[in-house]
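Some notes on the structure that comes next.
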Amino acid sequence: MDKTSGNQWNQLGNGQPRKGPLCEENQRGIRVNILDCVLHADAIHRGGGQIIPTARRLYYACELTAQPRLQEPVFLAEITAPNDATGGVYNCLNTRRGTVIEEEQVAGTPLSVVRAHLPVAESFGFTAHLRGMTQGQAFPQCVFDHWAIVNGNPLEAGSKVNELVLSIRKRKGIKVQLPDLNEYLDKL
């Protein structure tokens, strides 16, 4: 984090927020290089009470100007079904933004195993929906697999991901409109 020379300021690193400015969710893959800083000459003005709020504003401004994106958790769904029910499996996955990775036949049986990525947000009620589309013949197992970037710009008004951010902010009781960059961006 510290790319400066001649400055020792561990307090600033403690000011890095764990939650981002968009919807106050945990952040992943963030790096900020601080190249220069000027600290007040009096030690009383270099304490955590002065440095940490300033650092937080710096981090938020950096994040908002760096084309932020949201990530969503994705399950690996392994669905076992008779060969004649795989059409219903594919239809169910398609309606829930699922992506089929592979399909294989179980040797010596009339069963197929379909492996797919399924966004966790789409998994609520998935088993009932899948069984309804396959007349109760398909059996899913889901485990966490990875995080995926949600397509779209969360800062672009009217985009689907922007609506997602606004709904998260509303659910959490945060001010619904996104923070303005001018709240955090300071220039001397």
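Take the sequence shown: its letter number 161 is residue 161 in UniProt numbering, and every next letter is one higher.
For each residue, glycine too, the CB sits at the ideal point set by N, CA and C.
- E156 sits in coil when the DSSP states are folded into three classes, being neither helix nor strand.
- By the neighbour-count definition (other C-beta atoms within 10 Å, threshold 16), P21 is a buried residue.
- According to DSSP, residue pairing for F126 in a beta bridge does not occur.
- Secondary structure within the UniProt domain "Elongation factor EFG" (69-158): the beta strand (DSSP E) runs of 3 or more consecutive residues, fully enclosed, are 71-82, 99-105, 111-119 and 139-149 (chain order).
- Using a Cβ-Cβ distance cut-off of 8 Å, the stretch 92-108 and the stretch 152-172 are not in contact, since fewer than three pairs of beta carbons, one from each stretch, lie closer than that value.
- Per DSSP, L178 is not a residue of any alpha helix (DSSP H), being assigned neither H nor E.
- Shown here, N33 sits in coil according to DSSP, grouped into three states, outside any helix or strand.
- For E122, the closest C-alpha among the options R57, E156, G98 and E25 is that of G98.
- K19 is bridged by DSSP to N26.
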